[in-house]
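If you're matching them up, the sequences are chains A and B in order.
The first sequence lines up with residues 0 to 133 when you count with numbering that gives the first Met the number 0.
The second sequence lines up with residues 0 to 133 when you count with numbering that gives the first Met the number 0.
Here is the structure we will look at.
Number of protein chains: 2
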Amino acid sequence: MRIGKLAAQAEVNVQTIRLYERIGLLKKPGRRKSGYREYTDDAVTFIRFIRQAKSLGFTLNEIKSLIDMREKGSHTMADMRAIAQARLRAIDEKIQQLQAMREAIQHGLNHCGCPEQFPACVFVQLFEGNESNP
Amino acid sequence: MRIGKLAAQAEVNVQTIRLYERIGLLKKPGRRKSGYREYTDDAVTFIRFIRQAKSLGFTLNEIKSLIDMREKGSHTMADMRAIAQARLRAIDEKIQQLQAMREAIQHGLNHCGCPEQFPACVFVQLFEGNESNP
DNA sequence: GTTGACTCTATACCCGGGTACAAGGTTGAT
DNA sequence: ATCAACCTTGTACCCGGGTATAGAGTCAAC
């Protein structure tokens with residue numbers, strides 16, 4: 000199939016496919032005499048894999064690492080698990096960080112004893128020199 | 000003080016200060032005859048406020064909204080709280096999303112009954128059906 | 001055999017939040 | 001008076017992950 004159909008079936012933009020090819024995520028497909036790219040059905044699955052991995056928070060670089068490993072046959076389960084675990088750790092860190100932000104803001108809102116009196120507000124405190132703020 | 004000192008005291012880059020000025024986050028300081036920017040001490044506090052808000056996950060645009068409100072005197076507590084609460088909601092959404100990713104990956108790792116047997120791995124499953132791409 | 005939809009390459013642009021020159025002018029201590 | 005360290009503007013570049021455009025060539029249905 001040509002690129003447009005692949006894009007439709009994999010639910011991505013045509014440009015995105017060419018981008019993925021350029022950065023080495025997708026192998027270069029065959030070409031017609033006209034120069035048109037010619038894909039087989041498994042390209043659909045492959046792009047879906049990429050999108051799925053992306054939706055799990057893997058960056059395109061990480062995905063490329065997985066692909067490269069697999070391609071070189073140098074992949075072991077340990078390698079793969081290590082990548083997955085690194086991603087888990089990154090996700091956990093991010094969650095911790097967001098929870099800390101959450102708490103700081105929530106704390107500000109809770110301890111702002113000024114339903115309508117502006118100057119006591121946590122935001123005002125932020126403006127007025129970091130007197131007592133977290 | 001001149002921009003270099005301000006940058007040092009506020010612990011940001013000189014370029015960053017100019018960027019903040021350009022996007023309207025910092026109001027334009029006075030200038031010497033030579034054209035040099037001349038800041039007062041409260042600029043330090045102000046930049047620290049920006050960094051603090053940023054560390055709580057506010058984007059520069061959100062911070063600009065807070066500042067604009069304050070400048071225009073059109074700020075009410077309700078406005079400020081609304082912004083803070085919007086940020087809280089955004090943070091919560093992000094956390095939900097990360098937790099879903101976390102679970103999906105963890106599930107994959109747990110249910111991959113192949114400490115060293117490659118073909119049953121969750122990653123391999125992702126690849127399955129496209130044996131011949133990269 | 002013409003039309004309209006498709007594809008090709010190359011290049012530029014978008015977002016946010018900066019960072020890095022380059023070429024010139026100023027400051028201030030010696 | 002010199003000289004390093006500072007400042008000015010303008011421009012371009014970085015990251016990741018795309019999206020948009022122009023100008024030219026190709027495919028297929030009628």
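Positions of the beta carbon are idealized from the N, C-alpha and C atoms, including for glycine.
Just so we're clear, the structure is a prediction, and the values are computed from it rather than from any experiment.
- By the Cβ rule, the region 80–94 of chain B counts as touching the region 52–70 of chain B, because three or more pairs are nearer than 8 Å.
- Rounded to the nearest whole angstrom, the CA to CA distance from residue 8 of chain B to residue 98 of chain A is 29 Å.
- Within the region 82–95 of chain B, contact with chain A at the beta-carbon level (separation under 9 Å) is assigned to 82, 83, 84, 86, 87, 90, 91, 93, 94.
- With fewer than 16 other beta carbons inside 10 angstroms of its own, residue 77 of chain B counts as exposed.
- Relative to the Cα of residue 103 of chain B, the nearest Cα in the group A/106, A/105, A/101, A/84 belongs to A/84.
- Residue-level contact by beta carbon holds for residue 101 of chain A and chain B, with a gap shorter than 8 Å.
- Taking C-alpha positions only, residue 43 of chain B is separated from residue 16 of chain B by approximately 11 Å.
- DSSP places residue 31 of chain A outside any alpha helix (DSSP H), giving it a letter other than H or E.
- In this structure, residue 21 of chain B sits away from residue 28 of chain B, with a CB-CB distance that is not shorter than 8 Å.
- Membership of residue 26 of chain A in any alpha helix (DSSP H) is not indicated, and neither H nor E is assigned to it by DSSP.
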